Amino acid sequence: MTTSTSSIPSLTSDGSDIPPVWFSVPEGLFTLPIALTVEQRTALAHEFVRELYARGDESIWAPAAPYYAAIAEYMAGEGVSYSAMGLFSTEEGGVAQCAFTVAAVETDQTDPEVAAQGTLAVLTKDPLNDARRLDLPCGPAVSCITLRELTLDPSVTASGEEAKLLTGQIQVHVPFPTGPYTAVFTLCTASTEYWGEFCDMVAAILQTVSFVEPED
Numbered sequence: 000m001t002t003s004t005s006s007i008p009s010l011t012s013d014g015s016d017i018p019p020v021w022f023s024v025p026e027g028l029f030t031l032p033i034a035l036t037v038e039q040r041t042a043l044a045h046e047f048v049r050e051l052y053a054r055g056d057e058s059i060w061a062p063a064a065p066y067y068a069a070i071a072e073y074m075a076g077e078g079v080s081y082s083a084m085g086l087f088s089t090e091e092g093g094v095a096q097c098a099f100t101v102a103a104v105e106t107d108q109t110d111p112e113v114a115a116q117g118t119l120a121v122l123t124k125d126p127l128n129d130a131r132r133l134d135l136p137c138g139p140a141v142s143c144i145t146l147r148e149l150t151l152d153p154s155v156t157a158s159g160e161e162a163k164l165l166t167g168q169i170q171v172h173v174p175f176p177t178g179p180y181t182a183v184f185t186l187c188t189a190s191t192e193y194w195g196e197f198c199d200m201v202a203a204i205l206q207t208v209s210f211v212e213p214e215d
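Heads up, the sequence shown is in numbering that gives the first Met the number 0, so the first residue is 0 and it goes up one at a time.
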C-alpha cells in the first residue's frame with residue numbers, strides 16, 4: 000500500500016500556534032486544499048482536481064477547482080486542519096467512499112493521560128457510543144464508533160421512494176504531549192458494507208501518528 004505523510008498546519012487563521020502532528024495516509028485518499036490564504040487554497044485546489052479527475056481536462060478542472068477551494072475554506076473556518084475524500088475501487092467494480100478529517104481541538108489539559116481519561120468519561124455517557132481507550136505508539140488515545148440509520152426523502156432516491164441509509168463514523172481523540180490540544184481523527188462513510196476495511200485503514204493511520212517530525 001502506497002502512503003504519503005501529512006501534517007496539520009501549526010498556525011491557525013487567528014494566529015495561535017498549534018504544535019504540529021504528523022501522520023501517513025494511504026493511496027486513495029485525496030487531500031482537500033485546506034490552507035490559510037486564498038492564494039494557497041487556489042493553487043492547491045488546481046492540484047487537487049487534477050489528481051481527483053486524472054483523466055479529465057480543463058473543461059472539468061476549471062469549474063471544479065473553485066468549488067473545492069470554497070469547501071476547503073469553509074472547513075478551515077470550522078477548525079478542520081486536514082480533510083480528504085476517500086475513493087477506493089471494489090472487487091464488484093464499484094467505489095467505496097469515505098470522508099476523513101483531522102482537527103486540533105484546544106483543551107485545558109497538558110497531561111495526555113488525564114486528557115484521555117476525561118475524553119473517555121464523557122464519550123461513554125452516551126449509550127450509542129462504542130468508546131474505548133487505545134494505547135498508540137504516540138501515546139494514549141480514545142476511539143469512538145457510532146452507527147446511525149438515516150431516512151432519505153423520496154426526492155433524493157433513485158426509486159422515488161423513502162429509503163434507509165446506514166452510516167458509520169470512527170472518531171479517535173489523540174491528546175498532544177506538546178501542548179493543551181487534542182488531535183481528532185474522524186472517518187465517516189455510507190459504504191458500511193466495507194466497514195471492516197475502513198476500520199483497518201484508520202487503525203493503520205493511527206499507528207503512524209507522531210508529534211515528532213518523522214525522519215525522511
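Glycine residues also receive a C-beta, built at the ideal position from the N, C-alpha and C atoms. Computed from a predicted structure; not experimentally measured.
Take the Cβ of residue i as the centre, count every other Cβ of all protein chains shown within 10 Å, and call the residue buried at 16 or more, exposed below.
{"i": "GLN206", "result": "exposed"}
{"i": "GLY195", "result": "exposed"}
{"i": "MET200", "result": "buried"}
{"i": "VAL79", "result": "buried"}
{"i": "GLY93", "result": "exposed"}
{"i": "THR118", "result": "buried"}
{"i": "GLY55", "result": "exposed"}
{"i": "PRO213", "result": "exposed"}
{"i": "ALA120", "result": "exposed"}
By Cβ distance below 6 angstroms, which residues in the same chain neighbour residue i in space, the five residues on each side in sequence not counted?
{"i": "TYR193", "result": "ALA95"}
Closest to residue i by CA distance: which of the options is it?
{"i": "ALA203", "options": "THR181, GLY178, VAL171", "result": "VAL171"}
{"i": "ASP16", "options": "VAL208, SER190, TYR180", "result": "TYR180"}
{"i": "ILE169", "options": "GLY93, ALA130, MET74", "result": "ALA130"}
{"i": "GLN116", "options": "ASP56, PRO139, PRO126, GLU148", "result": "PRO139"}
{"i": "THR218", "options": "ALA182, THR100, ALA83", "result": "Outside the modelled stretch of the chain, which goes from 0 to 215, sits residue 218, for which no answer is possible."}
{"i": "VAL104", "options": "ALA75, THR123, GLN39, GLU214", "result": "ALA75"}
{"i": "THR191", "options": "VAL113, ALA98, GLY159, LEU119", "result": "ALA98"}
{"i": "THR41", "options": "GLU72, TYR52, GLU26, LEU51", "result": "GLU72"}
{"i": "ALA68", "options": "ALA189, THR30, THR156", "result": "THR30"}
{"i": "LEU28", "options": "SER82, GLU90, ALA64, PRO153", "result": "SER82"}
{"i": "THR123", "options": "ILE144, VAL113, ASP107", "result": "ILE144"}
{"i": "LEU133", "options": "VAL208, SER23, PRO153", "result": "VAL208"}
{"i": "VAL101", "options": "PRO213, CYS198, VAL24", "result": "VAL24"}
{"i": "PRO65", "options": "GLY85, GLN39, MET84, THR89", "result": "GLN39"}
With a threshold of 7 angstroms on Cβ separation, who are the neighbours of residue i within its own chain once the five nearest residues in sequence on each side are excluded?
{"i": "PHE210", "result": "PRO18, VAL20, CYS137, PHE175, PRO176, THR177"}
{"i": "THR150", "result": "GLU161, LYS163"}
Starting from the C-beta of residue i, find all residues in its chain whose C-beta is less than 8 angstroms away, skip the five residues before and the five after it, and write them out in chain order.
{"i": "GLY14", "result": "In this prediction, GLY14 has a pLDDT of 48, which is less than 50 and means its spatial position is unreliable; nothing more can be read from the coordinates."}
{"i": "TRP60", "result": "HIS45, VAL48, ARG49, TYR52"}
Pull up the DSSP beta-bridge partners for residue i, would you.
{"i": "PRO174", "result": "THR181"}
{"i": "MET74", "result": "Answer is none; MET74 lacks a bridge partner."}
{"i": "ALA162", "result": "LEU151"}
{"i": "GLN168", "result": "THR145, CYS187"}
{"i": "THR30", "result": "ALA83"}
Could you check if residue i belongs to the surroundings of the ligand COA, using beta carbon to heavy atom distance under 7 angstroms?
{"i": "PHE184", "result": "Questions concerning the ligand COA fall outside what the structure shown contains, since it holds no ligand whatsoever."}
Quick check on residue i - is its C-beta less than 8 angstroms from some C-beta in chain B?
{"i": "ARG132", "result": "The structure shown contains no chain B, having only a single protein chain."}
(request) Within the region 113–147, note down every full beta strand (DSSP E) run reaching 3 residues or more, in order along the chain. (result) 129–135
(request) Would you mind listing the beta strand (DSSP E) stretches within the region 54–101 that are 3+ residues and don't spill past its ends, in chain order? (result) If we require 3 residues or more, the beta strand (DSSP E) runs fully inside the region 54–101 come out as 79–88.
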